[in-house]
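Q: Chains A and B supply the protein sequences, listed in that same order.
Using my numbering, you'd call the opening residue of the first sequence number 1 and step up by one each time.
Using my numbering, you'd call the opening residue of the second sequence number 390 and step up by one each time.
Mind having a look at this structure? Questions to follow.
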Amino acid sequence: MIEKALSGNRLYWTWLAILLAIMGVGGLCYVQQFNYGLGITGMSRDVSWGLYISQFTFLVGVAAGGVMLVLPYYLHNYKVFGRITILGEFMAVAAVSMCLMFILADLGQPMRALNVLLHPTPNSILFWDMIVLNVYLFLNIVGGWVILNAEKKEVPPPKWVKALIYISIPWAISIHTVTAFLYCGLPGRHYWLTAILAPRFLASAFAAGPALLVICALILRRYTAFDAGKEAINKLVTIITYAAILNFFFVGLELFVGYYSNIPGHMHTLDYLFFGHEDGGVLYDNLVGPMRFSMFIGMAATIALLFPKMRDSYCKIGWLCGAIFLSLWIDKGLGLVLGGFVPSPLDYYVEYYPTAIELGITAAVWATGAFILTVLYKVAISVKLTKEA
Amino acid sequence: MDNSRRKFLKLAGVSAIAGIAAPAAFNSLLKGEAFASGGGSGHGEDKAPTGKRYGFVVDVQKFAADKDLAQRCINACHTTHNVPDFGKDNKKDEIKWIWTETFGHAFPDHSQYKKNTQLVDLPIMTFCNHCDNPPCVRACPTKATFKNADGMVLMDFHRCIGCRFCMAACPYGARSFNWRNPAVKNEDGSYKYIRRPNLDFPTRMRGVVEKCNMCAERLAEGKQPACVDACRPTDGIIFGDLNDPNSEVSKVLREKFTIQRKPALGTKPSIFYII
């Protein structure tokens, strides 16, 4: 089937070429980082995780979001998602691949990455995260590919693949729960030390993942003959809306607990993220703008989606989904991870700014993800279109 | 109908019993002891583990009396362990095993309200607490950070993959990361960032985490930790077995009022401060 990715129009090849160019530049950046060390990034003794780990955290959510198609289709036999479930599974493949690349990019000694397998350490959440991510990648590659192949040959998929699909549903929850456990099991980091972190992660994942999927479906509709169908898009938008409402409700709960309890440790990061913190005449507020912007566009877009009038055109839906995706990317892909480090456990305010090299590597990983996604979508759509023709 | 209700009640009953019993069972699994000793109450109070548990008592007043004492400790430790110095204005790459903090930063969750002026300026020596219940050991995915039988929290530099999960986990900011190569050499073969290299102790490579190792290598030779020696003739830092009632630390702890950093977190630090 992979040969289907080798034929395409000029637009397809141009897009792949652009992605390859970004990957090339990012690759050169990585060579620099590999030779010098992580000191080439903006990370420091106080903010010891930066863009790489925050992107990883956000993308685990995008990967988990695919389950919002798989679950209704396979568990509730919701036929409308039949055409696009494969898009959800392949998006999960691309997203998990990016997660693994971001982790590798973040290691101080990448050559020793296999130590996690050579010295399995069940008390470390990172060990379990490695397991759930890799298994989820496997479940989605195999599940998606086998079912697509069966579809191409017009035979029913083998029975065993059904088992994989059913396992993949709770597994999607597990990848984001375990990723939340990376953070919320740490003493002394008040911003992360909250039982609602995993639910909050899942709510934002079930909004961000499907939002990206809707955007992809709309792009495919515009540039290819593949149409996901109005009903499927509408249903997805409903899922996104409710998940986004839950997400902002959870954010509100955090704000309530922090500010009503009046415990300094619980308020410090919230202060830093939303209002800025002044210390010795210096104002630490580099995330205030993005965080306020994130809350504003996220909530505005979510409220807008509640009105049927705002859903009556693909164009509006596309923009609103884009706004929700961007909002959640800022909230989780920047604020959540960086906020955990500021202030430091010793109450120092050290801000983090990524360097150009770091941005280049980050862009390259995103481009690689887009490349994987494009190729997989090309195969899936070619199969579906030839069958339908 | 009737049948399903009975089934539900049965299930509910079993779940309730499981719910009540599980935490206790889980606790005994985790700790190997189901019941805490009756001795203490409040946060950070628990039965002391048996066997050796090395710890420190830092007498802050001694450091206040002798302004150079802190720097002598830092120099002794950093020279002994080839800790690189990237310069004062390079905070980003900074590596430190032992350093001074103000009271407010070393004890941020203590009340800072109307503290006496002398306290605010006290130099508080801070280093790895070698916690009895170390979050960094729990977080490490490769066992590069581990606790040995004597209660020392140690690092295997050769196993560390540089994920820095331990840095996120440590509530005391005691860990440093080698963001760059600390052992770069000048043309004449001397180290660029290590002024007086100690040939008996290794240098590190970039990409690994490091921290105070309680001078494990000196203890093995029957010596005291370098910072403790540097404090002599004062007793600025006292070192010994917290579980040995006859050790000097135990004696001081019995006699003096001491505090620990962030005891509410349950990490059970092995450093006690006489303020």
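Don't be surprised by glycine CBs; every beta carbon is placed ideally from N, CA and C.
Taking the beta carbon of Glu-576/B as the centre, do at least 16 other beta carbons fall within 10 Å, making it buried, or is it exposed?
A: Exposed: under 16 other Cβ atoms inside 10 Å.
Q: What does Ser-294/A reach in chain B if we use C-beta pairs closer than 8 Å?
A: By Cβ distance, chain B contributes nothing, its closest Cβ being about 23 Å from Ser-294/A, past 8 Å.
Q: Can you check whether the C-beta of Tyr-36/A is within less than 8 Å of a C-beta belonging to chain B?
A: Tyr-36/A counts as touching chain B.
Q: Counting only the same chain and skipping the five closest in sequence on each side, list residues whose C-beta sits under 8 Å from that of Val-214/A.
A: Answer for Val-214/A: Ile-233, Leu-236, Val-237, Ile-240, Ile-317, Gly-318 and Cys-321, listed in chain order.
Q: Spell out a yes or no on whether the stretch 569-589 of chain B and the stretch 45-63 of chain A are touching, meaning 3 or more CB-CB pairs, one atom from each, closer than 8 Å.
A: Taking 8 Å as the limit for Cβ pairs, the verdict is that the stretch 45-63 of chain A does not touch the stretch 569-589 of chain B.
Q: In its own chain, which residues sit with a C-beta less than 8 Å from the C-beta of Ile-663/B, not counting the 5 before and 5 after it?
A: Excluding residues within five positions, the ones whose Cβ falls inside 8 Å are Val-446, Val-447, Asp-448, Val-449, Gln-450, Val-641, Lys-645, Phe-646 and Thr-647.
Q: Curious, which full-length alpha helix (DSSP H) runs of at least 4 residues does the stretch 501-575 of chain B contain?
A: List check, alpha helix (DSSP H) in window: 506-509, 524-528 and 554-558.
Q: DSSP has Ile-626/B in a bridge; who is on the other side?
A: Per DSSP, Val-447/B.
Q: Just grab the DSSP bridge partners of Thr-489/B for me.
A: For Thr-489/B, which the question treats as bridged, DSSP gives the partners Met-514/B.
Q: Have a look at Phe-127/A, Thr-302/A and Tyr-12/A and flag the residue whose alpha-carbon is nearest the alpha-carbon of Ile-245/A.
A: Here the closest residue by C-alpha is Thr-302/A.
Q: Chain B partners of Trp-49/A, CB-CB under 7 Å?
A: Result: Arg-553 and Ala-557.
Q: Determine the contact status of Asp-618/B and Tyr-443/B, defining contact as a CB-CB distance below 8 Å.
A: The answer is no: Cβ separation not under 8 Å.
Q: For Ala-225/A, decide whether its Cβ has a neighbour in chain B, counting only Cβ atoms nearer than 8 Å.
A: No, Ala-225/A lies away from the interface with chain B (no Cβ there is under 8 Å from its Cβ).
Q: Would you call the stretch 623-638 of chain B and the stretch 455-462 of chain B touching, i.e. three or more CB-CB distances under 8 Å?
A: Short answer: they touch.
Q: In this structure, how does DSSP classify Leu-114/A when only helix, strand and coil are distinguished?
A: Coil, per DSSP.
Q: Can you tell which of Tyr-242/A, Ala-217/A and Tyr-191/A has its C-alpha closest to the C-alpha of Tyr-259/A?
A: Checked all of Tyr-242/A, Ala-217/A and Tyr-191/A; the closest Cα to Tyr-259/A is Tyr-191/A.
Q: Hey, does Ala-113/A have any beta-carbon neighbour from chain B nearer than 8 Å?
A: Yes, its Cβ sits closer than 8 Å to a Cβ of chain B.
Q: Step through the CB atoms of chain A and report whether any lies within less than 8 Å of the CB of Ile-663/B.
A: By this cut-off, Ile-663/B is not an interface position.
Q: Please list the residues of the stretch 629-655 of chain B that have a C-beta atom closer than 8 Å to any C-beta atom in chain A, keeping them in chain order.
A: So the close ones are Lys-651, Leu-654 and Gly-655.
Q: What separation, rounded to the nearest whole angstrom, lies between the Cα atoms of Gly-144/A and Leu-212/A?
A: Taking the straight line joining both Cα atoms gives about 18 Å.
Q: For Ser-417/B, is the classification buried or exposed, using 16 other Cβ atoms within 10 angstroms of its Cβ as the cut-off for buried?
A: In this prediction, Ser-417/B scores a pLDDT of 49, lower than 50, which makes its location untrustworthy; no coordinate-derived value is stated.
Q: Strictly under 8 Å for the Cβ-Cβ distance: is Asp-347/A near chain B by that measure?
A: True, the Cβ-Cβ gap to chain B drops below 8 Å.
Q: Tell me whether His-277/A sits in a helix, a strand or coil according to DSSP, three-state version.
A: Residue state, collapsed to three classes: strand.
Q: Hey, could you find the ends of the alpha helix (DSSP H) Ile-215/A is sitting in?
A: Counting along the chain, the alpha helix (DSSP H) containing Ile-215/A begins and ends at 197-223.
Q: Give the straight-line distance between the Cα atoms of Leu-385/A and Ala-225/A, rounded to the nearest whole angstrom.
A: Their backbone Cα atoms lie some 8 Å apart in a straight line.
Q: Rounded to the nearest angstrom, what separates Thr-592/B and Thr-656/B at their Cα positions?
A: Distance between the alpha carbons of Thr-592/B and Thr-656/B: 29 Å.
Q: For the putative contact between Val-80/A and Gly-209/A, defined by C-beta atoms under 8 Å, what is the C-beta separation to the nearest angstrom?
A: With a Cβ gap of about 18 Å, Val-80/A and Gly-209/A do not count as contacting.
Q: Is Phe-127/A close to chain B, meaning its C-beta is less than 8 Å from at least one C-beta of that chain?
A: Cβ-Cβ to chain B under 8 Å: yes for Phe-127/A.
Q: In terms of DSSP beta bridges, what is Glu-637/B paired with?
A: None, per the DSSP bridge assignment.
Q: Step through the CB atoms of chain B and report whether any lies within less than 8 Å of the CB of Leu-186/A.
A: Yes - at least one Cβ of chain B is within 8 Å of the one on Leu-186/A.
Q: Give a yes or no on whether the C-beta atoms belonging to Gln-32/A and Gly-551/B are separated by under 8 Å.
A: No, the Cβ-Cβ distance between Gln-32/A and Gly-551/B is not below 8 Å.
Q: If we require 4 or more residues per run, which alpha helix (DSSP H) segments fall completely within the stretch 83-157 of chain A?
A: With a minimum length of 4 residues, the continuous alpha helix (DSSP H) runs that stay inside the stretch 83-157 of chain A are 85-106, 115-118 and 125-153.
Q: Would you kindly check if the distance between the Cβ of Leu-283/A and the Cβ of Tyr-339/A is under 8 Å?
A: As written in the sequence, residue 339/A is Gly, which differs from the Tyr given in the question. No; because the gap between Cβ atoms is not below 8 Å, this pair is not in contact.
Q: In three-state DSSP terms, what is Leu-283/A?
A: Three-state result, Leu-283/A: strand.
Q: Kindly say whether Tyr-443/B, judged by its beta-carbon, lies nearer than 8 Å to any beta-carbon of chain A.
A: False, the Cβ-Cβ gap to chain A never drops below 8 Å.
Q: Quick one: does Ser-565/B have its CB under 8 Å from some CB of chain A?
A: Yes, contact with chain A.
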